[in-house]
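Note that the UniProt record's numbering has the sequence shown beginning at 1, numbered continuously upward. All C-beta atoms in this analysis are idealised placements derived from N, C-alpha and C, irrespective of residue type, glycine included. Contents: one structure, followed by commentary.
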Amino acid sequence: MTTYVLVHGAWHGGWAWERVAPLLTATGAHVLTPDLTHDRDTGLADHVDELVAALDAVTDPDLVLVGHSAAGLVVRQAADRRPDRVAHLVLIDGWAGPDGVSLTDLAPDWFTTRVTAGADADGLVAPPAPAAFGVTDPDDADWLGHLLRTHPLRTFTEPTRLTGAVDRIPGTAVHCVPETFPFARFAADLGYRTVPVDGPHDVVLTDPRRIADVLLAVGRGEAPTLG
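In structure tokens:
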């Protein structure tokens with residue numbers, strides 16, 4: 001039985017998957033949604049350590065590791081450290097790149113300037129409004145606005161450390177259309193199969209059924225349908 005480890009992006013928490021997870025568990029799959037630490041001294045390597053610990057606690061050999069947005073960097077580095085534990089990687093509008101690259105290296109200058117200027121004295125960046133994630137439904141926006149939290153700047157600026165082991169793991173990348181950042185190109189550069197999905201960056205909230213269908217197809221070893 002497939003185990004899905006679903007890793008949330010910046011400013012979010014494990015709760016970001018609460019609409020996707022039940023659709024997976026309804027099929028008999030196991031689902032873990034780790035909640036990464038967002039303290040002032042937290043960096044990318046700390047998030048990777050947390051995720052590696054979660055992977056070490058899973059015995060299922062059919063493990064699908066999923067990273068949304070900034071967690072693309074987290075899941076790839078964790079998988080690089082535990083390549084024998086991960087059967088497939090999935091990025092959902094995920095930031096990803098080679099060894100030595102940080103999120104701010106991949107991002108346009110305006111993004112780097114904005115998050116750097118938005119960091120407080122503790123190095124924590126306040127969350128953008130829900131609309132920045134493409135969530136415009138009033139009820140969803142209100143719900144999301146109450147749950148978003150500050151995020152440590154170091155996770156954006158700390159470089160990824162990869163040995164190359166992660167490149168032996170097959171990958172699939174969902175990229176939302178219209179694109180906000182070049183997520184399809186990031187994935188293509190890694191040789192991942194790309195799956196365009198109509199929807200905003202927080203598609204895990206706005207269209208959980210579509211994301212669950214992609215993940216279930218991956219878990220069955222099938223190519224997800226496009227569109």
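Residue i versus residue j: straight-line alpha-carbon distance, rounded
i	j	result
threonine 157	arginine 19	30 Å
proline 130	serine 69	15 Å
tryptophan 143	aspartate 39	23 Å
threonine 33	valine 7	6 Å
leucine 148	alanine 87	31 Å
residue 309	leucine 51	In the structure as shown, the chain starts at 1 and stops at 227, and residue 309 therefore has no counterpart that could be examined.
leucine 23	arginine 209	7 Å
leucine 106	glycine 94	11 Å
arginine 82	aspartate 189	22 Å
arginine 185	glycine 171	14 Å
glycine 13	histidine 146	12 Å
threonine 112	alanine 78	24 Å
aspartate 213	threonine 136	23 Å
aspartate 139	methionine 1	35 Å
glycine 134	alanine 16	14 Å
threonine 194	alanine 223	10 Å
tyrosine 192	aspartate 167	10 Å
leucine 103	valine 115	11 Å
alanine 45	tryptophan 11	17 Å
aspartate 35	alanine 71	11 Å
arginine 220	alanine 132	33 Å
Beta-carbon spacing of residue i, residue j below 8 Å
i	j	result
isoleucine 211	isoleucine 92	yes
leucine 73	alanine 96	yes
valine 66	valine 75	yes
proline 182	histidine 151	no
alanine 173	alanine 187	yes
glycine 123	leucine 162	no
threonine 59	valine 101	no
threonine 25	valine 31	yes
threonine 27	leucine 216	yes
valine 90	valine 218	yes
threonine 3	alanine 29	yes
histidine 47	threonine 225	no
valine 125	leucine 55	no
Burial state of residue i (16 or more Cβ within 10 Å)
i	result
glycine 9	buried
tryptophan 110	exposed
proline 98	exposed
alanine 57	exposed
arginine 85	buried
aspartate 80	buried
DSSP beta-bridge partners of residue i
i	result
proline 152	Leu124
histidine 175	Pro196
histidine 146	Partner(s): none; histidine 146 has no beta bridge.
glycine 67	Val7, Leu91
histidine 47	Answer is none; histidine 47 lacks a bridge partner.
valine 31	Tyr4
alanine 78	Beta-bridge pairing links alanine 78 to no other residue.
alanine 119	Val125
For this session: Taking 8 Å as the threshold, find out whether the stretch 111-126 comes into contact with the stretch 195-206 through three or more Cβ pairs.
Result: No, the stretch 111-126 does not touch the stretch 195-206.
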